[in-house]
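Read top to bottom, the protein sequences are chains A and B. Following our numbering, the numbering of the first sequence begins with 1 at its first residue and continues without gaps. Following our numbering, the numbering of the second sequence begins with 357 at its first residue and continues without gaps. Glycine included, each C-beta is placed from N, C-alpha and C at the ideal position. From a predicted model like this one, the values you see are computed outputs, not experimental measurements. Read through the structure below, which is laid out as structure tokens, and then see the notes.
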Amino acid sequence: MRETMLKKTQGNRAKKAWKIMIVLSIVLLGMIVFSISWGTITVPWEDTLAIIGQHVPVISGYFPSVNAEFQAVVWNIRLPRVLVGVLVGAALGVSGAVMQGVFGNPLADPGIIGVSSGASFGAVAAIALGLTSFSIFIMPMFALVGALAAVSATVFLTMSRGKIPVMTLLLSGVAVSMLMGALTSGILTLMNEYRVREYLFWVVGGLDYRRWEHVYLAVGPILIGLIVLCLLARHLNVLVLGEQEARSVGVPVVALRLLLLFVAAATTAMAVCVSGTIGFVGLIVPHIMRIIVGPEHRWLLPSSALAGALFLVFCDTLGRMIFPPNEIRVGIMTALLGAPYFLYLLRKTQQSGGPS
Amino acid sequence: MTQEIITARNSSIVLGEKKILENITCSISAGEFVGIIGPNGAGKSTLLLALRGFVPLASGEVQLAGRPITTLSDKELARHVAYMQQEVNVGFGYTALEVVLTGRYPYLKWWQHEQAEDKAIARQYMEFTGVEALADKPVHLMSGGEKQRVLLAKVLAQETPLIFLDEPTASLDLVYQEEIFRYCQLISKQGKTVLIVAHDLKLSAKFCSRLLLLADSKMIADGSPEKVITKENLQAAYGLHAAVFMNKVTGNLDIHTYAAADDNPNKDTNVHIICGGGSGEKFIRLLYERGYRLTLGVIQPGDADANVAEAFHLPCLLGQPFSSIDELSAQENRRKISAADWVVLSDLTFGEQNIDNLQAAFMAKKLIVIEDTPIEKRDFLNGQASELYAELVEMPQVTVMTLPQFITLLEKN
């Protein structure tokens, strides 16, 4: 009797996680269709679906034709924007959850080990060198290289005798971030105003003017990153219990930690390089999902991906809706919504005497 | 034949400039329940870490089932030894079952998930440690005792021949401490080898089949609890004055500790005690703790005072049960009495069996007679003892006092 009860509760938990993921997927799809349809030119949602359907092979013949203006708006402007949002949101959500697991701290995010500051430095270097006009890929590539360089510097500064002490890693991350920030500021003071504006436009993360090229650039690396992280979820579960605990059951702790850090950092860097820096998604989404689906990373990571995508597309759409035709960039929206929640969390952890 | 499952040979560990372990050699066989004891900072936990291969050795070697431990892979090691650390901080709200399932990690390929079989194993051990009802409860919401039982289930779910526990009882109430030891004893009886780092000497002595006593980075004793827990070893390891004895009530090894001056001023003073029927136990301990060299006699075997003498390992003349003192004992008693610097005659009752003690008391150079009850009430020989007693207390070398007076006198000195 007891055994069947136990089985049932276990089953229930998995079932609950599945349900949540299905609900999130449906809401995300609805959000995407809404986000594409709504704007200064409002496209009826049936037309939105028809335009998307026409581009899907095999079933394309079943959709009615829609006027060319709607075609252009949906296919060339809004869809790539939303897809970049989905990719970036998923990447930030999962990377955040992984970082929190690796650091054993619910308030960690990829920015903490230098990803964002490294990416910013890469971007500003590309702008200062005047390379950005050659191709839209130049700046993202520089941002990616900058991010990975910063993370490598942080990790290798920390590593001693085959160990990566978490506290030292956090402090090295702060030091590397400050150094990168100083270098970025240094270059900015030397640049002319036109280029500073270009940088500013990038550093306040946004999804406007994202084109299919951005989608193509990000989709491969981000999907690979997400898949690898989700495959390592079970190992992350053990790692979260602490280094000694993980070593006791045979986890190659240093190798796993390095792998997780680099994949999460690279995934975040890829997101940052197509959208600019967007804060708080990686911090808040995993936190909320942990409350809803629990700490088991095999459920937490995929649901954080869905929730991250949903949150980012929601913020972007909201940013477009508040003062049309002006837009509030998505990086500002996430901060406006995220910062108060983050402060609330901080206060709550303080009151309960430590991170739970 | 017992099989050696883990051995350390001349193993030393150096951390920075400091030697944490020096030249440890031990060999543990399958099915043993080994307690690693010793004062704080003796290197107990480090020894356990070294035997698991968690800390590199400066010299020497550890072998697991005949193979040097350094040649085994992470997962191979984890399939041989389960290790429960002192303090596990289970954050993020993991449930008991999720924690126990991590014990199955060494058996899974990296892409595999836990199978139904792994879940059955996890549940089986949770049932063993009595936490199956808590399977879905987050571990950070549990009491210390529940948490340790969950972690014990996790270690068991690893299904290793060797189980290492580093002070699993450190923060637990007495009941739970004993419970953990009981589980370990049961496991070792099922053929597993258990090594436990422990603080509590009495519990270790009660449950473990073997003890390793460490002090100051060295192993100073290795063997059965009776062999290891001795007055001398405890003094050497803890700098502790203690009496170790078999507690007749519990049947367990018991330890009585006391404060004593390191430079014992009374070590050359011989005191003989004539007592019986529990009349001496109240002050024998006081005299013992003050370092007097004590002898007792003549007492009937099984007498309460004889037990006290045994507990403190005091030389004690024993008579025959239910018969008067024999010639040999009587002579020996007189020899000891005349050799003693002073003699104490306790407030004992006199009968046919021990009247000779009263006669022997006349031989004392200096005699303290303790009288709480009038001799008439202690005389079961129709006045014969009273007569003798009256004569005795008149002697010039005799001082009569009550027990409280005697104790006050002792405390004053």
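Cα-Cα separation between residue i and residue j, rounded to whole angstroms
i      : j      : result
B/G647 : B/N689 : 21 angstroms
A/M167 : A/A175 : 13 angstroms
B/H788 : A/K16  : Any property of residue 788 of chain B remains undetermined from this structure, which presents chain B solely from 357 to 769.
A/G173 : B/K503 : 34 angstroms
B/I392 : B/T451 : 31 angstroms
B/F668 : B/E473 : 55 angstroms
B/L404 : B/Y463 : 23 angstroms
A/V240 : A/G331 : 30 angstroms
A/Q54  : B/R479 : 53 angstroms
B/V411 : A/R247 : 12 angstroms
A/S116 : A/G101 : 19 angstroms
B/A599 : B/R649 : 14 angstroms
A/A264 : B/P517 : 38 angstroms
B/M602 : B/Y539 : 24 angstroms
A/L171 : B/P395 : 36 angstroms
Residue i - DSSP class collapsed to helix/strand/coil
i      : result
B/D430 : helix
B/E388 : coil
B/T764 : helix
B/H628 : strand
B/V437 : strand
B/A615 : coil
A/T168 : helix
B/L590 : helix
B/W698 : strand
A/H214 : helix
B/Q471 : coil
B/H496 : helix
B/E360 : strand
B/A598 : strand
A/F134 : coil
A/S248 : helix
B/F736 : coil
B/L704 : coil
A/S65  : coil
Within-7 angstroms CB hit, residue i to chain A
i      : result
B/Q656 : no
B/P621 : no
B/Y481 : no
B/V495 : no
B/G449 : yes
B/A434 : yes
B/V444 : yes
B/P462 : yes
B/K503 : no
B/Y439 : yes
Proximity below 7 angstroms, CB of residue i to CB of residue j
i      : j      : result
A/V238 : A/V254 : no
B/E732 : B/V756 : no
A/A233 : A/R290 : no
B/K574 : B/E767 : no
A/I51  : A/Q71  : yes
A/M31  : A/F314 : yes
B/I681 : B/V700 : no
A/A150 : A/M180 : yes
A/P110 : A/T277 : no
B/A386 : B/Q359 : yes
B/I576 : B/A593 : yes
B/V456 : B/K510 : yes
B/F389 : B/Q541 : yes
B/V664 : B/S685 : no
A/V145 : A/G122 : yes
B/E637 : B/A615 : no
Any chain B beta carbon closer than 7 angstroms to residue i
i      : result
A/G225 : no
A/E243 : no
A/S248 : yes
A/V238 : yes
A/P252 : yes
Contact belief for residue i with residue j at Cβ below 8 angstroms, rounded distance in angstroms
i      : j      : result
A/A153 : A/M139 : Incorrect: roughly 21 angstroms between the Cβ atoms, too far for contact.
A/C273 : A/A119 : 6 angstroms
B/K558 : B/N608 : 7 angstroms
A/L310 : A/L49  : The Cβ separation is near 19 angstroms, so there is no contact.
B/A513 : B/R435 : Between B/R435 and B/A513 the Cβ distance is about 12 angstroms, and since that is not below 8 angstroms, they are no contact.
A/A226 : A/A143 : The identity of residue 226 of chain A in the sequence shown is Leu, whereas the question assumes Ala. Not really, about 19 angstroms apart at Cβ, beyond 8 angstroms.
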